[in-house]
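Just so you know, the sequences run in chain order A and B. Counting from 1, position 167 in the first sequence corresponds to residue 166 in numbering that gives the first Met the number 0; the numbering is continuous, with no gaps. Counting from 1, position 236 in the second sequence corresponds to residue 235 in numbering that gives the first Met the number 0; the numbering is continuous, with no gaps. As structure tokens, the structure follows; a few thoughts come after it.
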Amino acid sequence: MNARMLVALGLLVAALVASDLVLPGPAAAADPPTHLLASAEEREDGSWMLVATVTGGGAVQSQRTVEFLQIADFFGERFVPLGNAPTDAAGVASRLYKPTSNGLQRVVARYQTDGETVSSDVFEIQVSGAAPVLASEAPVLPTIQALAFPVGFAILILVWLALAAILLRAMFGIGRAATQDVPHSIPKGSGPVDPESTRTSSRE
Amino acid sequence: MVDTAAEDRDGAALREAAFRPIQMPGRWFWPIFVGLSAVVLAALAAYVYQVRSGLWVAGYTDSAFYGIYEANLVAFIGVSYGGALVSAVLRLTNARWRLPITRMAEGMALVSLLIGASFAIVHLGRPERIWELIVEPQAGSPIVWDAIAITTYLVATLIFLYLPLIPDLAIARDRLGPSAGRLRRTLYRWAAVGWIGAPAQRRSLNWSVGAMAILIIPLAVAVHSVLAWAFSMTSRPGWHSTIFGPYFVIGALYSGVALVIVVVAAFRKAYALERYIGLQHFVSLARIMAVLGVIYLYLTFAEMLTSAYTRTREEASIVAVLLEGAYAPAFWLFMIGGILAPILIGFLPGARKVRYLVLAGLLAVVGMWLKRLLITLPASTAPLIGDVWGTVQVTWVAIVITLGAMAAIPLGLMILFRFVPVLALDEMAEAGRESYSEPVVGQVQTGEAVP
Numbered sequence: 000m001n002a003r004m005l006v007a008l009g010l011l012v013a014a015l016v017a018s019d020l021v022l023p024g025p026a027a028a029a030d031p032p033t034h035l036l037a038s039a040e041e042r043e044d045g046s047w048m049l050v051a052t053v054t055g056g057g058a059v060q061s062q063r064t065v066e067f068l069q070i071a072d073f074f075g076e077r078f079v080p081l082g083n084a085p086t087d088a089a090g091v092a093s094r095l096y097k098p099t100s101n102g103l104q105r106v107v108a109r110y111q112t113d114g115e116t117v118s119s120d121v122f123e124i125q126v127s128g129a130a131p132v133l134a135s136e137a138p139v140l141p142t143i144q145a146l147a148f149p150v151g152f153a154i155l156i157l158v159w160l161a162l163a164a165i166l167l168r169a170m171f172g173i174g175r176a177a178t179q180d181v182p183h184s185i186p187k188g189s190g191p192v193d194p195e196s197t198r199t200s201s202r203e
Numbered sequence: 000m001v002d003t004a005a006e007d008r009d010g011a012a013l014r015e016a017a018f019r020p021i022q023m024p025g026r027w028f029w030p031i032f033v034g035l036s037a038v039v040l041a042a043l044a045a046y047v048y049q050v051r052s053g054l055w056v057a058g059y060t061d062s063a064f065y066g067i068y069e070a071n072l073v074a075f076i077g078v079s080y081g082g083a084l085v086s087a088v089l090r091l092t093n094a095r096w097r098l099p100i101t102r103m104a105e106g107m108a109l110v111s112l113l114i115g116a117s118f119a120i121v122h123l124g125r126p127e128r129i130w131e132l133i134v135e136p137q138a139g140s141p142i143v144w145d146a147i148a149i150t151t152y153l154v155a156t157l158i159f160l161y162l163p164l165i166p167d168l169a170i171a172r173d174r175l176g177p178s179a180g181r182l183r184r185t186l187y188r189w190a191a192v193g194w195i196g197a198p199a200q201r202r203s204l205n206w207s208v209g210a211m212a213i214l215i216i217p218l219a220v221a222v223h224s225v226l227a228w229a230f231s232m233t234s235r236p237g238w239h240s241t242i243f244g245p246y247f248v249i250g251a252l253y254s255g256v257a258l259v260i261v262v263v264a265a266f267r268k269a270y271a272l273e274r275y276i277g278l279q280h281f282v283s284l285a286r287i288m289a290v291l292g293v294i295y296l297y298l299t300f301a302e303m304l305t306s307a308y309t310r311t312r313e314e315a316s317i318v319a320v321l322l323e324g325a326y327a328p329a330f331w332l333f334m335i336g337g338i339l340a341p342i343l344i345g346f347l348p349g350a351r352k353v354r355y356l357v358l359a360g361l362l363a364v365v366g367m368w369l370k371r372l373l374i375t376l377p378a379s380t381a382p383l384i385g386d387v388w389g390t391v392q393v394t395w396v397a398i399v400i401t402l403g404a405m406a407a408i409p410l411g412l413m414i415l416f417r418f419v420p421v422l423a424l425d426e427m428a429e430a431g432r433e434s435y436s437e438p439v440v441g442q443v444q445t446g447e448a449v450p
């Protein structure tokens, strides 16, 4: 085998290697499945920082939306949205949550990828420093309840009595006077409207 | 002698006009009746489907719990209050020009109230549970008071329509012959309660009608305030407002007068009542509507200004979504088409033609319905936890039921006036043509011929 043949053989092998025909490279590694790790940390003011980290799924994509939901038990289990947060370059999304009621709350995070939804494990937070939206008992409410309802019922009864009085006065007044023999005061005009009419008021 | 003959002719012509819907409904009556009935039946079918399937078919979700039905409830009951109050206020102020339109206004008040009140049931997912509102009422619930108020007002509206009708029913009893049919004649005989027009009867009736006109005004104001408080007693942003009571009352009056214009124009055209209802009646109604529109505009401004300046995130978000958010097109359509345009048309001397004034009325009615949607939807979809807004879905079920309710108003009025005179016959005859048609003189001066 002369040197020219060796060079030609070498070029052929190199070309084949380069074209992956002879020595195919390792199979393209499948992206690891996407995972969502979520947690929460309580702050001094009673609010909670909800954090979710997207792992796996190939290159981390920023500005993807993570949705935080509370799992509420209200006529059955249902999801109450707490809000959304975008992922940063490290795949971390976080948002502040200000609970409005105390007690144990179950929270879950969701991550929307192209065509599938990945949920985190449900985690629990024990809320004790919530700032309630509603006062547990409005200070003037007992007074209103003590006064307004009796007054409201009294007005209602008076209105119904007035309605009954007005109607009955008209009915009895008209009925009593109907026995009096006085001319009928129907509008001025001659003859019945209906040409077929055979009945006219006897009092006319 | 000549005067007596003329009065006789006037009286006969007036009766003929008032009984026209009963005796000669016209060729168009039955086609329109069948058409409107078909729409109402379709709505009933859609409601049955909704009851069987659940409220989700009407677009209700956890995050959009008040839909189009609540807006319908407020809008239809609102126009009812407007119709009754217009009639009562004009009666108390002895505005005699009201006489030819008062029956239509009172009829419209009753029919629209019946339809509006039915939406309190339509928007319940479990309508059979309304029974529990009666047997187990919670005195602290605005809904209980709402039901009591609407029921009370319904009875008052019925009495307010019925009392001035008694002399007219007696005339129908005495004047309409066998062609009226047995049902009508029995109804007239029973409902006229022996009216013969005796002075003592007239005194009793006048006292009762006057007392009813006085009572129905505070009643209507109170009842619509209670309806408003059903919203404002909640802590939801957009609803928790101190001016909601007067805001709803003025809105009801505004839309009610607007619908009176439309209804009067429709019946005037359909039954050729131009001799009794002239341009000036529409001009007067349009002026009242425009003044109420200005007050409503002011209250809208006051409501939005104070909400925008609270710096509360929830309140401000409602204002933002109305002014520049998802609801902005509807809001600005309401502001321009539903408020500003009717006010301008109502005040502009150049727009004093019946068709323009009817257009103004239609714009106001549609605009105010839109406004009721803008009151209910943004606040009911605003998030209290987190910041995700609910989505309103407008489904075919909700649309068909709403269209059915809209069709039910003219249908109900057509049926009502097949049984009772469309004009306040006795009052008009007593007052004399000059008194109620006096404003029509201005009609000739403004260029429109009096038929």
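Where a beta carbon is used, it is the ideal one built from N, C-alpha and C, also for glycine.
**OP:** Kindly indicate the opening and closing residues of the alpha helix (DSSP H) around A:V65.
**Re:** That residue, A:V65, is in no alpha helix (DSSP H); its beta strand (DSSP E) goes T64 to D72.
Original post:
Given a threshold of 16 other Cβ atoms within 10 Å of its Cβ, counted over all protein chains shown, does B:N93 qualify as buried or as exposed?
Top reply: exposed
Original post:
Would you report the Cα separation of B:R8 and B:E15, rounded to the nearest angstrom?
Top reply: Rounded to whole angstroms, B:R8 and B:E15 show a C-alpha spacing of 10 Å.
Original post:
Using a Cβ-Cβ distance under 8 Å, would A:D113 count as near chain B?
Top reply: no
**OP:** Enumerate in chain order the residues of its own chain whose CB-to-CB distance from B:E313 is below 6 Å, with the five nearest sequence positions on each side excluded.
**Re:** P236
Subject >> Beta carbon proximity, B:A430 to chain A, threshold 8 Å >> reply: It does not; no Cβ of chain A falls within 8 Å.
Original post:
Would a C-beta distance cut-off of 8 Å place A:T33 and A:V50 closer than the cut-off?
Top reply: Not closer than 8 Å, so no.
**OP:** Quick one: residues in its chain with C-beta nearer than 6 Å to the C-beta of B:I294, no 5 flanking neighbours on either side, listed in chain order?
**Re:** Excluding residues within five positions, the ones whose Cβ falls inside 6 Å are I249.
Original post:
For chain B, is any of its Cβ atoms less than 8 Å away from the one on A:L162?
Top reply: yes
**OP:** Output the distance between the C-alpha atoms of B:I165 and B:N205, rounded to the nearest integer angstrom.
**Re:** 11 Å
**OP:** Below 6 Å CB to CB, which residues in the same chain sit around B:H223 once its five sequence neighbours on both sides are set aside?
**Re:** Y80, F247, V248 and A251
**OP:** Go through its chain and collect everything with a Cβ distance to B:H239's Cβ below 7 Å, but skip five positions before and after it.
**Re:** S231 and T233
Original post:
Can you tell me whether DSSP reads B:S86 as helix, strand or coil?
Top reply: helix
Subject >> Meets three-Cβ-pair contact criterion under 8 Å: the region 84-92 of chain A and the region 59-70 of chain A >> reply: Judged by Cβ distances under 8 Å, the region 84-92 of chain A makes contact with the region 59-70 of chain A, as three or more pairs qualify.
Original post:
Quick one: is B:V1 near chain A, going by C-beta distance under 8 Å?
Top reply: At B:V1, the pLDDT of 44 sits below 50, so the modelled position is not reliable; the number obtained from the coordinates is stated separately. Chain A, which has no Cβ nearer than 8 Å to the Cβ of B:V1, makes this no.
Original post:
Can you list, in chain order, the stretches of the alpha helix (DSSP H) that have 4 or more residues and sit fully within the region 333-368 of chain B?
Top reply: 340-346
**OP:** Classify B:L175 as buried or exposed, calling it buried when 16 or more other Cβ atoms lie within 10 Å of its own Cβ.
**Re:** buried
**OP:** Taking only beta-carbon positions, decide if A:N101 is within less than 8 Å of chain B.
**Re:** no
Original post:
Can you name, in chain order, every residue of its own chain whose Cβ lies under 6 Å from the Cβ of B:A264, other than the five neighbours on each side?
Top reply: V357
Original post:
Buried or exposed: A:G24, going by 16 or more other Cβ atoms within 10 Å of its Cβ?
Top reply: No answer about A:G24 holds up, because its pLDDT of 45 lies below 50 and its placement is not dependable.
Original post:
Quick one: is B:M405 buried, meaning 16 or more other Cβ sit within 10 Å of its Cβ, or exposed?
Top reply: buried
Subject >> Straight-line gap, B:W130 to B:G124 (C-alpha atoms, nearest Å) >> reply: 13 Å
Original post:
Based on the DSSP output, what are the partners of A:S93 in its beta bridges?
Top reply: A:V50
Original post:
Between B:V110 and B:G411, which are expected to be in contact by the criterion C-beta below 8 Å, what is the C-beta distance as a whole number of angstroms?
Top reply: 4 Å
Original post:
Would you report the Cα separation of A:L81 and B:I142, rounded to the nearest angstrom?
Top reply: 29 Å
Original post:
Any contact of the region 95-113 of chain B with the region 62-73 of chain B, i.e. 3+ C-beta pairs under 8 Å?
Top reply: no
Original post:
Among B:L168, B:Y161 and B:A169, which has the Cα closest to the Cα of A:L167?
Top reply: Ranking the options by Cα distance to A:L167, first place goes to B:Y161.
Original post:
Roughly how many angstroms separate the alpha carbons of A:L22 and A:G75, rounded to a whole number?
Top reply: Its pLDDT being 45, under 50, A:L22 is placed unreliably by the model, and nothing is read from it.
**OP:** Step through the CB atoms of chain A and report whether any lies within less than 8 Å of the CB of B:G193.
**Re:** yes
Subject >> Rounded straight-line distance, which links the Cα of B:G196 to that of B:A363 >> reply: 41 Å
Subject >> Bridge-paired residues (DSSP) for A:L36 >> reply: A:L36 is bridged to A:T52.
**OP:** Select from the region 137-159 of chain B all residues with a C-beta closer than 8 Å to any C-beta belonging to chain A, and list them in chain order.
**Re:** A138, G139, W144, I147, T151, V154, A155 and I158
**OP:** Grab me the residues of B:D425's own chain with a C-beta within less than 7 Å of its C-beta, minus the 5 sequence neighbours each way, in chain order.
**Re:** These residues qualify, in order along the chain: P166, D167 and I170.
**OP:** Pick out whichever of B:R26, B:V85, B:I21 and B:S207 has its Cα sitting closest to the Cα of B:G255.
**Re:** B:V85
Original post:
Excluding sequence positions up to five away, which residues of its chain have a Cβ less than 8 Å from the Cβ of A:L68?
Top reply: F78, V79, P80, L81, V106, V107, A108 and R109
Original post:
Looking at the C-beta of B:Q200, does it have a partner C-beta in chain A at a distance below 8 Å?
Top reply: Contact of B:Q200 with chain A is assigned, a C-beta pair being separated by under 8 Å.
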